[in-house]
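Comments concern the structure below.
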Amino acid sequence: MRYELMLPHQIRKAIEQNWPVVLPLGVLEYHGEHMAVGMDTLAVIKTLERFEKERDIVILPPFYYGAASYAVAPPEGSGSVQVGGPVLAPFAEELFYGLLRIGFRNIHAIIHHQTENFVAGMPTDLAFKTAGRQAIFRFLEKERGEGWWGSDKMADYYAGHAEGENVFNWVQVHPLMPAAMNGKYPFDHAGIGETSLMLALCPEAVDAAHFADNTGWYTKGASDASVELGQKGVAMILEHLRAILVR
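Just so you know, we're using this note's numbering here: the sequence shown kicks off at 309 and counts up by one.
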């Protein structure tokens with residue numbers, strides 16, 4: 309369900325049944341002359357739209373204004389919008405804290421931008437990861453008081469971890485394409501891989517008439533993109549979502 313369309317009784321049901329609450333997280337960035345600047349975020353939104361047909365989830369309004377950077381192209385005339393990590397982190401903390409206050413305990417942000425080295429992290433995902441931790445600490449101290457972890461009520465903390473219980477899993481950040489897809493699907497920027505994803509998920513975001521206008525090395529191969537290849541990538545992404553978005 310789309311959060312902005314939910315009624316209070318539906319929100320209470322989602323809390324009671326521990327539905328995954330998902331934030332599509334991304335950027336607005338130049339993706340060659342042939343593809344829309346919202347590609348990274350659209351890929352998350354459109355796969356979640358497919359996923360919600362098979363499982364109960366809450367989809368939050370997407371956040372497009374991450375740290376695009378100007379590494380690919382300067383913004384003038386290209387469309388990239390850069391909002392730095394130091395600005396993102398306070399916003400993300402307030403967002404996650406607010407969601408915890410509502411009652412959600414199964415919160416996820418999913419990002420596609422700059423995730424080829426996700427373990428090391430990049431500005432947007434690092435800002436949201438840190439914000440998630442900060443929001444959880446802040447919420448627990450408000451609800452349980454200082455010294456909450458050292459209290460006798462937490463004596464089974466490590467046993468709970470062994471059984472999969474972890475309060476720090478209340479807020480998680482994931483890449484749209486997991487490391488398991490490496491070598492199985494092309495990971496690129498505006499090349500055959502991303503262009504194929506858009507052809508499969510959001511074809512209006514691709515204009516083949518502008519393939520010839522590209523000059524960047526990273527767009528080579530884009531003209532070889534296909535819906536069929538994109539559908540293979542979508543299938544792998546959906547398998548990933550089935551594994552991480554559980555009650």
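Note that CB positions come from ideal geometry on N, CA and C, so glycine has one too. Keep in mind the model is a prediction, meaning the values are calculated, not measured.
- 8 angstroms or more divides the Cβ of residue 349 from the Cβ of residue 397.
- Residue 494 holds the alpha-carbon nearest to the alpha-carbon of residue 424 among 357, 362, 474, 494.
- Shown here, residue 413 sits in coil according to DSSP, grouped into three states, outside any helix or strand.
- For the pair of segments examined, the region 450-457 was found not to touch the region 478-492: the number of CB pairs separated by less than 8 angstroms stays below three.
- Rounded to the nearest whole angstrom, the CA to CA distance from residue 339 to residue 403 is 28 angstroms.
- Assigned with DSSP and collapsed to three states, residue 315 falls in coil, not helix or strand.
- For residue 431, the enclosing alpha helix (DSSP H) covers residues 431-452.
- Pairing residue 371 with residue 330, the inter-Cα distance amounts to about 11 angstroms.
- Membership of residue 345 in any beta strand (DSSP E) is not indicated, and neither H nor E is assigned to it by DSSP.
- Only exposed fits residue 378, as fewer than 16 other CB atoms lie within 10 angstroms of its CB.
- Cα atoms of residue 542 and residue 435: separation of roughly 27 angstroms, rounded to the nearest angstrom.
- Judged by their CB atoms, residue 497 and residue 341 are not nearer to each other than the 8 angstroms cut-off.
- Cβ-Cβ separation between residue 416 and residue 482: approximately 6 angstroms, consistent with a contact (criterion under 8 angstroms).
- Around the C-beta of residue 313, fewer than 16 other C-beta atoms lie within 10 Å, and the residue is accordingly described as exposed.
- The beta carbon of residue 326 is closer than 8 angstroms to those of 413, 414, 555 in its chain, skipping five residues each way along the sequence.
- In the three-state reduction of the DSSP assignment, residue 483 falls in the strand class.
- When DSSP states are grouped into helix, strand and coil, residue 418 belongs to the strand group.
- For residue 507, the enclosing alpha helix (DSSP H) stretches over residues 500-509.
- Restricting attention to 530, 511, 512, the CA atom closest to the CA of residue 520 is found in 530.
- In the three-state scheme derived from DSSP, where H, G and I count as helix and E and B as strand, residue 352 is classed as helix.
- Taking the C-beta atoms as reference points, residue 553 is found nearer than 8 angstroms to residue 328.
- For residue 333, the uninterrupted beta strand (DSSP E) segment begins and ends at 329-333.
- If you draw a straight line from the Cα of residue 375 to the Cα of residue 391, it is about 5 angstroms long.
- Selection 508, 465, 441 evaluated against residue 477 yields 441 as nearest (Cα-Cα).
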